[in-house]
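Engineer: Numbering (my numbering), first residue to last: 186 to 477.
Idealized CB from N, CA, C, for every residue including glycine.
Below: one structure in structure tokens.
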Ligand SMILES: Cc1cc2nc3c(=O)[nH]c(=O)nc-3n(C[C@H](O)[C@H](O)[C@H](O)COP(=O)(O)OP(=O)(O)OC[C@H]3O[C@@H](n4cnc5c(N)ncnc54)[C@H](O)[C@@H]3O)c2cc1C
């Protein structure tokens, strides 16, 4: 049976929210459509109204405000790649983006779509949470800002209220003393992650790690923060990082994993790789910080 939906094209954030209020649960936001199209084709989702956010220019930007990085929800994965040279946070996010999809798909797939689809293996989730990112949401009642770590509440489930839209991602304290790295295992370049790990370290003027974020992907229904691994890293000198600390933190990270076995990988493989990938990410961060 042929299925139809009405295509709506707002030009402002307020107009997009008004449309969602007017058309209710039968309306869905559409960003790049790279997840939505597949879900619709497979009849996993159905909707009568498609609210295309592509023509809302105020949602597409990547900019610095002091030491705060702001990424609009409609910034594409390719935009992240193109801005890689701007600073250390974008270097890591650009590198992550280059692991995802193909170049063609990256020009339409958005940051907001990746986070809103809330797949446990979404690649941008671990590095953004590890950086301490917050997400700004807007609904008919106004704006609110929540930690990105609280945004995903289950597989493909977010904390978005009815009629709310994601506006932007806010990454704090971006400087040359920040280093981040994301590593994943996937079968092919267009595959999603079987397991992944992101690390973000911020050091102080004495070259000591002041703040650490370690976040694991695809080993639980949502990304998992590994505070025990983070505690191993905080207070450690840059030199110590390479001397056993990275390995110790990797081992702690794997204890936080809640991996399952499925047709793509076994629980044991995923858990073991969590440790390896975390260690790899820490060593990469140490290299970056060592150069600055
Ligand atoms: C061939 C292929 C390869 C892929 N490879 C990868 C990969 O390597 N890694 C990876 O993580 N993903 C991958 N994906 C998945 C997908 O491309 C990404 O998740 C992409 O970033 C989704 O963005 P989008 O703009 O296309 O989202 P859409 O499909 O438009 O939307 C996804 C969901 O988010 C909602 N949404 C979008 N924007 C907003 C907003 N601002 N506010 C509220 N809700 C919103 C939509 O309603 C929908 O529910 C792949 C997909 C394909 C088809």
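Suppose the cutoff is 7 Å on Cβ atoms and the five residues either side in sequence are ignored; what does the same chain contact list for residue 423 look like?
Structural biologist: Residue numbering aside, residue 423 sits at position 238 when the chain shown is read from its first letter. Taken in chain order, the residues that qualify are 388, 392, 471, 474, 475.
Engineer: Return the bridge partner residues of residue 240 from the DSSP annotation.
Structural biologist: Taking the chain shown and counting its residues from 1, one reaches residue 240 at position 55. Beta-bridge pairing links residue 240 to no other residue.
Engineer: Taking all protein chains shown into account, do 16 or more other C-beta atoms lie within 10 angstroms of the C-beta of residue 285, making it buried, or fewer, making it exposed?
Structural biologist: Counted from its first residue, the chain shown places residue 285 at position 100. Residue 285 is buried by the Cβ-count criterion.
Engineer: Let's see if you can read the secondary structure: which residues bound the alpha helix (DSSP H) around residue 416?
Structural biologist: Numbered from 1 along the chain shown, position 231 holds the residue referred to as residue 416. Element bounds for residue 416: 412 to 418.
Engineer: Out of 275, 465, 218, 309, state which residue places its alpha-carbon closest to the alpha-carbon of residue 407.
Structural biologist: Residue mapping note: residue 407 aligns to position 222 of the chain shown, counting from 1. Closest by C-alpha distance to residue 407, out of 275, 465, 218, 309, is 309.
Engineer: Excluding the 5 residues preceding and the 5 following residue 459 in the sequence, name in chain order all residues of the same chain whose CB lies nearer than 7 Å to its CB.
Structural biologist: As a working note, residue 459 is residue 274 in the chain shown. Once the five neighbours on either side are set aside, the close Cβ partners of residue 459 are 380, 382, 401, 404, 438, 439, 442.
Engineer: Would you give the residue range spanned by the beta strand (DSSP E) that residue 213 belongs to?
Structural biologist: Position 28 of the chain shown, counted from the first residue, corresponds to residue 213. Element bounds for residue 213: 212 to 215.
Engineer: Relative to the C-alpha of residue 261, which candidate in 252, 477, 245, 276 has its C-alpha closest?
Structural biologist: Here residue 261 is taken as the residue at index 76 of the chain shown, counted from 1. The residue with the shortest Cα to Cα distance from residue 261 is 245.
Engineer: On the criterion of 16 or more Cβ atoms from any shown chain inside 10 Å, does residue 477 qualify as buried, or is it exposed?
Structural biologist: Here residue 477 is taken as the residue at index 292 of the chain shown, counted from 1. So residue 477 counts as exposed.
Engineer: Whole-angstrom Cβ separation of residue 356 and residue 253, contact assumed at under 8 Å?
Structural biologist: By 1-based counting over the chain shown, the position of residue 356 is 171. By 1-based counting over the chain shown, the position of residue 253 is 68. Indeed, because the Cβ distance is near 7 Å, the residues count as touching under 8 Å.
Engineer: Is any heavy atom of ligand 1 found at a distance shorter than 8 Å from the C-beta of residue 308?
Structural biologist: Stepping through the chain shown from its first residue, residue 308 is reached at position 123. Yes, since a heavy atom of ligand 1 falls inside the 8 Å radius drawn around the Cβ of residue 308.
Engineer: Whose C-beta lies closer than 7 Å to the C-beta of residue 360 among residues of the same chain, with five residues either side of it excluded?
Structural biologist: Reading the chain shown from its first residue, position 175 is the one you call residue 360. So the list reads 252, once near-sequence residues are dropped.
Engineer: Skipping 5 residues on each side, what residues in its chain have a beta carbon closer than 7 Å to that of residue 190?
Structural biologist: By one-based count along the chain shown, residue 190 stands at place 5. So the qualifying residues of the chain are 232, 233, 234, 235.
Engineer: Beta carbon of residue 230, beta carbon of residue 258: below 9 Å?
Structural biologist: Here residue 230 corresponds to residue number 45 of the chain shown, with the count starting at 1. Here residue 258 corresponds to residue number 73 of the chain shown, with the count starting at 1. The answer is no: Cβ separation not under 9 Å.
Engineer: At 3 residues or longer, what runs of the beta strand (DSSP E) sit wholly inside the region 221 to 302?
Structural biologist: 234 to 237, 247 to 250, 253 to 257
Engineer: Where in the region 367 to 427 do unbroken runs of the beta strand (DSSP E), each at least 3 residues long, occur, reported from the N-terminal end onward?
Structural biologist: 380 to 388, 394 to 402
Engineer: Can you tell me whether residue 223 is buried or exposed? The criterion is at least 16 other CB atoms within 10 Å of its CB, across all chains shown.
Structural biologist: Here residue 223 refers to the residue found at position 38 of the chain shown. Burial call: exposed.
Engineer: Pull up the distance between the alpha-carbon of residue 186 and that of residue 419, whole angstroms please.
Structural biologist: Numbered from its first residue, the chain shown carries residue 186 at position 1. Numbered from its first residue, the chain shown carries residue 419 at position 234. So the alpha carbons of these two residues sit roughly 58 Å apart.
Engineer: Measure the alpha-carbon distance for residue 344 versus residue 332 and round it to whole angstroms.
Structural biologist: Taking the first residue of the chain shown as position 1, residue 344 is located at position 159. Taking the first residue of the chain shown as position 1, residue 332 is located at position 147. Near 11 Å, if we compare the C-alpha coordinates of residue 332 and residue 344.
Engineer: Tell me which residue opens and which closes the alpha helix (DSSP H) that residue 472 is part of.
Structural biologist: Here residue 472 refers to the residue found at position 287 when the chain shown is read from its first residue. Start and end: 452 to 475.
Engineer: Taking 8 Å as the cut-off, does the CB of residue 247 come closer than this to any heavy atom belonging to ligand 1?
Structural biologist: What you label residue 247 is simply residue 62 of the chain shown in a count that begins at 1. Every heavy atom of ligand 1 is 8 Å or more from the Cβ of residue 247, so no.
Engineer: Round the Cβ separation of residue 319 and residue 202 to the nearest angstrom and send it over; I've been treating them as touching at under 8 Å.
Structural biologist: As a first step, residue 319 is located in the chain shown; it is residue number 134 there, counting from the start. As a first step, residue 202 is located in the chain shown; it is residue number 17 there, counting from the start. Actually they are not in contact, since the Cβ atoms of residue 319 and residue 202 sit about 20 Å apart, beyond 8 Å.
Engineer: Checking 9 Å against the spacing of the C-beta atoms, do residue 434 and residue 366 come in under that value?
Structural biologist: Walking along the chain shown from the start, residue 434 turns up at place 249. Walking along the chain shown from the start, residue 366 turns up at place 181. For the 9 Å CB-CB criterion, residue 434 and residue 366 do not form a contact.
Engineer: Going by DSSP in three states, residue 312 sits in which element: helix, strand or coil?
Structural biologist: As a first step, residue 312 is located in the chain shown; it is residue number 127 there, counting from the start. Residue 312 sits in a helix when the DSSP states are folded into three classes.
Engineer: Going by the CB atoms, is the gap between residue 197 and residue 293 shorter than 9 Å?
Structural biologist: In the chain shown, residue 293 corresponds to position 108, counting from 1. In the chain shown, residue 197 corresponds to position 12, counting from 1. No, Cβ-Cβ distance for residue 293 and residue 197 is not below 9 Å.
Engineer: Would a C-beta distance cut-off of 9 Å place residue 279 and residue 216 closer than the cut-off?
Structural biologist: By one-based count along the chain shown, residue 279 stands at place 94. By one-based count along the chain shown, residue 216 stands at place 31. Cβ distance not < 9 Å, so residue 279 and residue 216 don't count as in contact.
Engineer: Going along the chain, which residues of its own chain have a beta-carbon closer than 6 Å to the beta-carbon of residue 396, five neighbours each way excluded?
Structural biologist: The residue given as residue 396 occupies position 211 in the chain shown. The residues are 387.
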